[in-house]
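Trainee:
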Amino acid sequence: MGWRINIMDCLGVKFRAVALTVFVFVCMQHCAHGSTNLDDVAAINSLYAALGSPNIPGWVGAAGDPCGEVWQGVQCDDSNNIISITLIGANLGGGLGDNLGSFSSIQSIDLSNNNIGGSVPSNLPVSLKTLFLSDNNLTGSIPDSISSLTNLTALKLNDNHLTGELPDSFQSLTSLSSIDLASNSLSGELPPSMENLSALSSLHLQSNQLSGTLDVLQNLPLQDLNVENNLFSGPIPDKLLNIPNFKSDGNSFDTPASPTASPPAPSVQPSPFFQGPPTRPPPRSPPRSSGSGSASGSRQRPGGQAASPSTVQEPNTQKKTQSSKTRRIVGISIASVIGFIILILALLLCVPWCFSRSKEYYRSTNRHEIQPYVAPRENPPNNGSFGQLNNQIDKPKKDAVVDIKDEPPVRRIAAVPKPQNEEGLYSQRSTAPLRKLDSDMSSFSDIDYMIPPPPPPPPPPPPPFNSEKVIVKPIVSQESVPKQSTRPLPLTSVKSFTVASLQEYTNSFSQDNLLGSGMLGTVYRAELSNGKLLAVKKLDKGVANRMKDHEFIELVNNIDRIRHVNVVELVGYCSEHGQRLLIYEYCSNGSLNDALHLDDDYRKQLSWNMRTQMALGAARALEYLHEVCEPAVVHRNFKSANILLDDDFNVRVSDCGLATLIASGSVNQLSGHLLSVYGYGAPEFESGIYTSQSDVYSFGVVMLELLTGRMSFDRTRIRGEQILVRWAVPQLHDIDALQRMVDPSLNGKYPIKSLSHFADIISRCLQTEPEFRPLMSEVVQDLQYLLQRGSP
């Protein structure tokens, strides 16, 4: 009996020792965090308010503890001072405010790839080492106060709308090793103080309006210099010609263009959304060795780029006090021992089970493995279907064709040549709804799959139908197809523009011509020499530079094949100096989003009948994409901002055929999140699944906007009404509640039966399960019936 008591005593002692160890470790961790420096709290609260109080996990508008509560994108040192803020591609708006200089010890700010406007603040923190504000909507000039940033090592302000001359304020910036000011509207000559940049190894100034000579740069230790597409003149100093990566095309130099630059180092992939301070994604300016940039994507930089916020910080900024080191080391050591013991026990329990499961899975996958089928890239124009990327399209069955009453005959078209001169850039479109397909939809998983060749075509139907087909070839990554000729596919129907001509037509992509921006790029108004207006979509470099030249040409060809009266027409393209631009017809009345949410007088002009007509036009566009194009085309970014209105308020859906870009790279990390946050994304999108039925859900949200006049997501409303779908759907089948939520600007001028029918269509489109949502051809028929039954 005594030995039992001794064992119990021994176990009790051991248990108390372990408990004491855990308690000490927790206390040490608590003591190590504490409260954030109050000056930094005030500064970050001010920044949050200036950005428009965006939805960033952890951030609040007043007080808070950014270090102790681990706010997203915020890094602190052991003294609880904020040393880094990194929010790349977070769809931030607003401005930067006037209190950035209040941060006590911040070393890195990276807010690239957002929609931040306003000017660059004049009171920047003097402790800054890296400042990355690339790909935003910043305006104004670069402040003279940058001269106070004596610790600065990297400055990235490319792809904004900055104007004016460069300040003569570089005298004291002797640590600055990388500057990127590309793709702005900067003018004037290079300031004399730039000759003092003794550590400068990378300088990107391309796509501005800078003039004068490059003499001030000749004695700098540059390894990467890009001055393309400016107004520089005079001779190029001999020392610059020896720079390993020097680009000078698009200027008026007295000497020939610089030799071909060495190939850039492999680009660094962007970090996931809000995953702490990522390795700095590469830049996004046009013709530079760097690589890329994106409205929703990151910037790819060459091997000579500046280090990321997490890597450029020097060791001496991370020093700790000796006592702090000792406490941390003791705590970590104890925790490591405990964790190691637990890990060993877990492995001993789990390894045999995992081993047996892996053998069972291996046998299963060997039995059921299916090799992917990928069609050759070069096919005759009327071949059946083509291979398709994962999660790009939802391909319905094609065995059921129905007639749609009271509509012109179906006309399926192949690529229709367009005039090659600027006077005849618009070609005739096909109209009228098209075949209705079986309701069974196939959703795709994340593995490769096979699209079998189509069955033989049925015998030609009797007149008046014509049985041509629309062939829209999907983009297939180069790695997934057999090696073939890399020569770009010839274009037969769209015009090729030069960067120089587009700069002329858009006044160097000036702020005055800015129409809007989104995940894929920025859109500018362009006026041709004959007065015709076009819309130029400048793809962000993070998106554009992921495509090789022939892949972009193939993308242009595929978009050109998408032709419908309710789809924005592609007029031309530009692929030059590393830039990718798409030129579309111009829609003078802006977007449906503008009409409903930005101008009350404009919205009052939209009668019930006009709104129903707009819904029908958008539905016809999606019906064409889903049920006529072969293979089916998924839009993936359907929202009111992508529904444009022409002179007669007819609907033109934009961004058709660009799903491959949204589904790739850094844009994919954010597109599902942002669409869901802002109310357009179907429930399955959060799981990475997107099919044509997801487009149907987004269409239902747009119909809700037409019905209520409300935005899909409105932060200014009370919490229960911010997300339109959550607020509206429960009321769709209550006629009294339905009437109360109708847009007040309609003044009650709508038929009750028509309203109820409209709500029924919305309810079906917004079903949680994709298989319960209707085909777009059914929606078209319902809206046609609604219009035929009468108007207010």
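Quick note, the sequence shown lines up with residues -34 to -1, 1 to 758 if you use mature numbering (1 follows the signal peptide of the UniProt record, and there is no 0). Backbone N, C-alpha and C define an ideal beta-carbon position, used for all residues, glycine too. If you're wondering where the values come from, they're calculated on a predicted model, not measured in any experiment.
1. Thinking C-alpha only, which one of D110, I145 and L142 is nearest G130?
2. Is N192 helix, strand or coil by DSSP?
3. Tell me the DSSP bridge mates of Q545?
4. Where A366 and E589 are concerned, what is the direct C-alpha to C-alpha distance, given to the nearest angstrom?
5. Tell me where the beta strand (DSSP E) around A120 begins and ends.
6. So who's on the other strand from E52, going by DSSP bridges?
7. Kindly indicate which three-state DSSP category V619 falls into: helix, strand or coil?
8. In angstroms with no decimal places, state the Cα-to-Cα distance between N89 and G67.
9. Please report the straight-line C-alpha distance between D43 and I49, rounded to a whole angstrom.
10. Give a yes or no on contact between the region 576 to 592 and the region 520 to 535, applying the rule of three or more CB pairs nearer than 8 Å.
11. Using DSSP with H/G/I as helix, E/B as strand and the rest coil, what is H170?
12. Taking the CB atoms as reference points, tell me whether Y550 and A625 lie closer together than 7 Å.
13. Report the rounded CA-to-CA distance for E194 versus T116, giving the unit in angstroms.
14. What would DSSP say about G666, mapped onto helix, strand or coil?
15. Are there 16 or more other CB atoms within 10 angstroms of the CB of L314, so buried, or fewer, so exposed?
16. Do you know how far the Cα of V465 is from the Cα of H543?
17. Going by DSSP, name the residue or residues bridged to T129.
18. Under the three-state reduction of DSSP, which class applies to T96: helix, strand or coil?
19. So, are the CB atoms of L121 and L94 less than 7 Å apart?
20. Among the candidates G538, I728 and K507, whose CA atom is the shortest distance from the CA of I519?
21. What number of angstroms, rounded off, separates the C-alpha of Q73 from the C-alpha of S164?
22. Counting pairs of Cβ atoms below 8 Å between the region 604 to 623 and the region 733 to 745, do you hit three or more?
23. Cα-Cα, which of V668, D125 and L582 is closest to Q172?
24. Grab me the residues of I298's own chain with a C-beta within less than 6 Å of its C-beta, minus the 5 sequence neighbours each way, in chain order.
25. Quick one: give me the first and last residue of the beta strand (DSSP E) that G508 is part of.
26. Can you give me the start and stop residues for the alpha helix (DSSP H) that Q579 sits inside?
27. Please determine, among L499, N11, C33 and L104, the residue with the shortest C-alpha to C-alpha distance to residue 759.
28. Report yes if the CB atom of M707 is closer than 7 Å to the CB atom of T674, and no otherwise.
29. Report the rounded CA-to-CA distance for P87 versus P696, giving the unit in angstroms.
30. As a quick exercise: from H170, E161, N162 and P158, pick the residue whose alpha carbon is nearest that of S144.
31. Ignore the nearest five residues each way along the sequence and tell me which others in D181's own chain have a CB closer than 7 Å to its CB.
32. Does DSSP put T105 in a helix, in a strand, or in coil?
33. Got a sec? Which residues, its chain only, sit under 7 Å from A28 by beta carbon, not counting five neighbours each side?
34. F651: buried (16+ other C-beta within 10 angstroms of its C-beta) or exposed?
35. What are the boundary residues of the beta strand (DSSP E) that D5 is part of?
36. Nearest to N185 by CA position, among L732, Q175 and S159, is which residue?
Mentor: Judging by the given coordinates:
1. As a first step, residue 130 must be located in the sequence shown, where it is residue number 164. Ranking D110, I145 and L142 by Cα distance to G130 puts D110 first.
2. For the purposes of this step, residue 192 is identified with residue 226 of the sequence shown, where counting begins at 1. N192: strand per DSSP, three-state reduction.
3. Walking along the sequence shown from the start, residue 545 turns up at place 579. Bridge partners of Q545 according to DSSP: E542.
4. Position 400 of the sequence shown, counted from the start, is the residue given in the question as residue 366. Position 623 of the sequence shown, counted from the start, is the residue given in the question as residue 589. Here A366 scores only 35 on pLDDT, less than 50, and its place in the model should not be relied on; the value that follows carries that caveat. For A366 and E589, the distance between alpha carbons rounds to 15 Å.
5. As a working note, residue 120 is residue 154 in the sequence shown. Unbroken beta strand (DSSP E) run through A120: A120 to K122.
6. Taking the first residue of the sequence shown as position 1, residue 52 is located at position 86. In the sequence as presented, Glu is not what sits at residue 52; that position holds Thr. Paired residue(s): D76.
7. Indexing the sequence shown from 1 puts residue 619 at position 653. It is a strand residue.
8. As a working mapping, residue 89 is identified with position 123 in the sequence shown. As a working mapping, residue 67 is identified with position 101 in the sequence shown. Their backbone Cα atoms lie some 5 Å apart in a straight line.
9. What you label residue 43 is simply residue 77 of the sequence shown in a count that begins at 1. What you label residue 49 is simply residue 83 of the sequence shown in a count that begins at 1. Going from the Cα of D43 to the Cα of I49 covers about 7 Å.
10. yes
11. Looking up residue 170 in the sequence shown gives position 204. Of the three classes helix, strand and coil, the one that applies to H170 here is strand, per DSSP.
12. Mapped onto the sequence shown, residue 550 falls at position 584. Mapped onto the sequence shown, residue 625 falls at position 659. No, the Cβ-Cβ distance between Y550 and A625 is not below 7 Å.
13. Within the sequence shown, numbered from 1, the residue matching residue 194 stands at position 228. Within the sequence shown, numbered from 1, the residue matching residue 116 stands at position 150. Distance between the alpha carbons of E194 and T116: 29 Å.
14. Position 700 of the sequence shown, counted from the start, is the residue given in the question as residue 666. Helix at G666.
15. Working through the sequence shown from its first residue, we reach residue 314 at position 348. Sixteen is the threshold: since fewer than 16 other Cβ atoms of the shown chains lie within 10 Å of the Cβ of L314, the residue is exposed.
16. The residue given as residue 543 occupies position 577 in the sequence shown. The residue given as residue 465 occupies position 499 in the sequence shown. Distance between the alpha carbons of H543 and V465: 8 Å.
17. Working through the sequence shown from its first residue, we reach residue 129 at position 163. Answer is S151.
18. Looking up residue 96 in the sequence shown gives position 130. Note: T96 maps to strand in three-state DSSP.
19. Translated into positions along the sequence shown, residue 121 becomes position 155. Translated into positions along the sequence shown, residue 94 becomes position 128. For L121 and L94, no; Cβs fall outside 7 Å.
20. Stepping through the sequence shown from its first residue, residue 519 is reached at position 553. Of G538, I728 and K507, the residue nearest in Cα terms is G538.
21. Against the sequence shown, residue 73 aligns to sequence position 107. Against the sequence shown, residue 164 aligns to sequence position 198. Answer to the nearest angstrom: the Cα atoms are 21 Å apart.
22. no
23. In the sequence shown, counting from the first residue as 1, residue 172 sits at position 206. Its Cα nearest to that of Q172, the residue D125 stands out among V668, D125 and L582.
24. For this step, residue 298 is matched to residue 332 along the sequence shown. Within the same chain, I298 has no close Cβ partners at all.
25. Reading the sequence shown from its first residue, position 542 is the one you call residue 508. Segment K507 to A510 is the alpha helix (DSSP H) holding G508; no beta strand (DSSP E) there.
26. Sequence index remark: in the sequence shown, residue 579 carries index 613 (1-based). Looking at the DSSP string, the run of the alpha helix (DSSP H) that includes Q579 is W574 to E593.
27. With the chain covering only -34 through 758, there is no way to say anything about residue 759.
28. On the sequence shown, residue 707 is found 741 positions in, with the first residue counted as 1. On the sequence shown, residue 674 is found 708 positions in, with the first residue counted as 1. Taking 7 Å as the Cβ cut-off, M707 and T674 qualify as a contacting pair.
29. In the sequence shown, the residue the question calls residue 87 occupies position 121. In the sequence shown, the residue the question calls residue 696 occupies position 730. Roughly 46 Å separates the two Cα atoms.
30. Looking up residue 144 in the sequence shown gives position 178. Taking only the C-alpha atoms, the option nearest S144 is H170.
31. Here residue 181 is taken as the residue at index 215 of the sequence shown, counted from 1. P203.
32. The sequence position of residue 105 within the sequence shown is 139, counting from 1. T105 falls in the strand class under three-state DSSP.
33. For this step, residue 28 is matched to residue 62 along the sequence shown. Taken in chain order, the residues that qualify are N11.
34. In the sequence shown, counting from the first residue as 1, residue 651 sits at position 685. By the 10 Å Cβ count, F651 comes out buried.
35. Here residue 5 refers to the residue found at position 39 of the sequence shown. Per DSSP, D5 belongs to no beta strand (DSSP E); it is in the alpha helix (DSSP H), L4 to A16.
36. Here residue 185 is taken as the residue at index 219 of the sequence shown, counted from 1. If we check each option's Cα against that of N185, S159 comes out closest.
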